[in-house]
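The block underneath contains the structure these notes are about, expressed in structure tokens.
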Amino acid sequence: MRSLRNPNRKPTHPGAVLREDVLPELAWTQGEFAARLMVSRQTVSDLLHEKKAVTAEMAIRIARALGGTPESWLRMQEALDLWNAEIKFKNNPDIAPKAVTA
136 MRSLRNPNRK PTHPGAVLRE DVLPELAWTQ GEFAARLMVS RQTVSDLLHE KKAVTAEMAI
196 RIARALGGTP ESWLRMQEAL DLWNAEIKFK NNPDIAPKAV TA
């Protein structure tokens with residue numbers, strides 16, 4: 136299945152979605168969100184400022200607090216992680232495809 140995402144555009148970090156869209160819509164502070172997730176305010180701050188990735192455990196916490204599914208948050212993080220890895224290895228000459236033998 137082909138992705139609708141532009142491969143030249145870096146995917147949005149899930150923390151940015153929370154920071155820019157979700158928390159303002161709900162009028163929640165970082166402290167309120169941290170309390171709902173049962174994590175430290177520092178953990179939420181690191182996530183919202185894109186210093187931490189969404190883990191499976193955090194995805195479950197977010198989904199329970201906001202509704203939706205943990206998979207949706209993990210897919211966002213996975214898209215970003217894969218994009219970053221592809222950029223890192225894009226021009227790596229040390230990794231070559233295996234030659235096909237007849």
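In this note's numbering, each residue carries its 1-based index in the sequence shown increased by 135.
Each residue gets a CB set at the ideal place from its N, CA and C atoms; glycine is no exception.
message = Going by DSSP, what residue range makes up the alpha helix (DSSP H) through R144?
response = Where R144 is concerned, there is no enclosing alpha helix (DSSP H), given that its DSSP letter is neither H nor E.
| query | Where does K225 sit, in a helix, a strand or coil, going by DSSP? | reply | coil
Exercise. For M173, count neighbouring C-beta atoms within 10 Å of its own C-beta (all shown protein chains included) and say buried if the count is 16 or more, exposed if not.
Key: exposed
> So what does DSSP say about E185, is it helix, strand or coil?
Replying inline: coil
What distance in whole Å lies between the Cβ atoms of V189 and L209, which are believed to be in contact at a cut-off of 8 Å? Confirmed, about 6 Å.
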